[in-house]
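Data block below; observations after.
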Amino acid sequence: GAPAAAGAAGDRKLAVRASRNIRKEAITDAAGGISDSIVRQVISSGRPVIVSDALADTQFGRSDSVIAMKLSSVMCAPLLSQGQIIGALYVGNDKIKHLFDRAQLDLLSIFASQASLILQNAMLLNALRADKAKLVAELHDKKFGEIIGACPSMLEVFRKLQKVAATDISVLITGETGTGKELIARELHRRSPREGGPFVTINCGAIPENLIESELFGHVKGAFTGAIASRPGKFQVADKGTLFLDEIGELPLNLQVKLLRALQERVVFRVGDSKPEKVDIRIVAATNRNLEDEIRAGNFREDLYYRLNVVNLWLPPLRERGDDVLIIAKVLLSKYADELGSPVRGFSPAALAAIKKYSWPGNIRQLENRIKKALVLCDQALLAVEDLDLGPGAETAIMPLEKAKEEFQRRYVLEALERNNGNRTQTARDLGVDPRTIFRYLEKEQNPMPSGAGGVARDPTEA
């Protein structure tokens, strides 16, 4: 007998991947003992075949391979993977006629089904290993420390970050919620001379107003009800390191004054104490708000804004980062699949297309949460569109080309204006346009920047 597994697809040449004789020994020339015509018939039809007397068979009896091998009994069943033929199981004997019956063919078909599942998983595992190796290679050129990104706007962030990291200049990180502002702040600290010092974070929007001063500057025993012992604030804890002020736009006005004084004088006062404490820290702040709008509304101090915004790092939303979203999704899946013990090892092609098409209003944080949820609930090897809740109702319509061009030009002009501290004349000069063009863009804004002194849209030195 000659049981064998043959692999083939379409018109490709048949190849014997494994073969054994009745003594379970490998067959030296397995291909020479198999009827090509029978195997091709099974692969072409997708149905199992039983031949009781091959030489006398009306369909296969004149086949060169059957005649050459003087075949007698043959059974062959297809190997199917997700509806595709990936090969066949072949059992033959060149001595005994009518060796196999219908019950044995059914048994071979059942065995072929089980073998197909094993082969499918093995092929999937090999493909995923290849994908992982490819991902590692891609990350080599698309990773800046722990930050993933290769789109032009992120490369600009990396360029500026690299330059300012070695200094003590204050940095303001802006962008929508979930764009990775804390990750950028940590990378600034990691690349700075203060790397050996502490990196301390405080979310200015997550602490009640009556406690935020104590959290920032500390307090002495008895300073208020419940202050049973003296306690340092984030400023003291961050000494010789970096203090990250997240959601700085949420800080109450009365504390903005005290924060400004601390930044200017490099000293802080604990609540309930008049003794100054020197601090040596670098300040990195972040916000998802438009602080210029907050200044105009009277919610944020202009002098504090200029103190914090020496260098601005604007993080683009995920929807504007092109293929970055796919790399980030693959990295997150690989990370959390291992942590959660999930059998998932990748995304289906349709899921990848949906990930790229979706607008991700919650940015990386939303993508991360969707992937975590899917990994917990899915028991398949590949995440599908439905696992990520990215069905038809979640798809975002593509913006018309003209509207997309207008939106890009608007953001480009406003970013240039911000870089020039609101100086319209200098902005027009940098962009090579008439100053009236800048005015037209500002008029289209819902809250156009004021032309009088005192607004952040105009440089006080501009004539």
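Numbering-wise, the sequence shown is residues 1045 to 1507 according to our numbering. Note that the Cβ used here is the ideal one computed from N, Cα and C, for glycine as well.
Please classify residue i: does DSSP put it in a helix, a strand, or coil?
i	result
F1104	coil
F1268	coil
F1391	strand
S1125	strand
A1005	Limits of the chain in this structure are 1045 at one end and 1507 at the other, which puts residue 1005 out of reach.
V1429	coil
F1243	strand
V1117	The question names Val, yet the displayed sequence has Ser at residue 1117. Strand at S1117.
S1063	strand
A1472	helix
Q1490	Note on Q1490: pLDDT 38, under 50, position unreliable in the model; no value is reported.
L1357	strand
L1143	coil
A1070	coil
N1464	coil
P1477	A quick correction: the sequence has Val, not Pro, at residue 1477. Three-state result, V1477: coil.
I1482	helix
L994	This structure cannot speak to residue 994, because the chain is shown only from 1045 to 1507.
I1191	strand
I1094	strand
Of the residues the options, which one's Cα is nearest the Cα of residue i?
i	options	result
A1174	R1389, K1401, A1398	R1389
R1238	D1290, R1326, N1170	R1326
R1455	L1432, F1104, W1358, G1435	W1358
R1351	K1302, H1263, G1476, D1474	K1302
A1098	H1142, L1161, A1121, K1068	H1142
K1310	R1333, D1283, V1328	Looking at the sequence itself, residue 1310 is Arg, so the reference to Lys does not match. Of the listed residues, the one whose Cα sits closest to R1310 is D1283.
V1355	A1250, D1212, D1150, G1476	D1212
L1335	P1320, D1324, N1353, V1323	N1353
A1210	A1194, Q1453, R1235	R1235
T1286	L1161, A1329, S1079, A1267	A1329
Q1410	C1422, A1394, L1434	L1434
V1135	F1268, I1082, F1288	I1082
Q1424	A1306, Q1126, S1089, P1387	P1387
L1396	R1275, D1382, L1377, I1162	L1377
I1191	Q1206, G1240, K1207, G1224	G1224
Would you decide whether residue i is buried or exposed? Buried here means 16 or more other CB atoms lie within 10 Å of its CB.
i	result
P1492	Only weak support is given to the placement of P1492: the predicted model assigns it a pLDDT of 39, under 50, and the value that follows is read from those uncertain coordinates. Its Cβ having fewer than 16 others within 10 Å, P1492 is exposed.
R1365	buried
I1272	exposed
S1063	buried
V1060	buried
R1345	buried
M1167	exposed
V1420	exposed
A1147	exposed
F1038	Because the chain spans 1045 through 1507 in this model, residue 1038 falls outside it and cannot be assessed.
N1298	exposed
G1270	exposed
F1268	exposed
F1104	buried
What runs of the beta strand (DSSP E), each 3 residues or longer, lie entirely inside the segment 1283 to 1352?
-> 1286 to 1290, 1311 to 1313, 1320 to 1322, 1326 to 1331
Is the number of C-beta pairs between the segment 1259 to 1273 and the segment 1306 to 1324 that are closer than 8 Å three or more?
-> Output reads yes: the segment 1306 to 1324 touches the segment 1259 to 1273.
What are the complete beta strand (DSSP E) segments, minimum 3 residues, inside the segment 1200 to 1230?
-> Fully enclosed beta strand (DSSP E) runs of 3 or longer: 1215 to 1218.
Does the segment 1240 to 1253 come within contact of the segment 1360 to 1378, defined as at least 3 CB pairs closer than 8 Å?
-> no
Answer yes if the segment 1216 to 1233 comes into contact with the segment 1393 to 1413, meaning at least three C-beta pairs across the two stretches below 8 Å, and no otherwise.
-> yes
Tell me, please, whether the segment 1119 to 1133 touches the segment 1083 to 1091 by the rule of three or more beta-carbon pairs shorter than 8 Å.
-> Touching, per the Cβ criterion.
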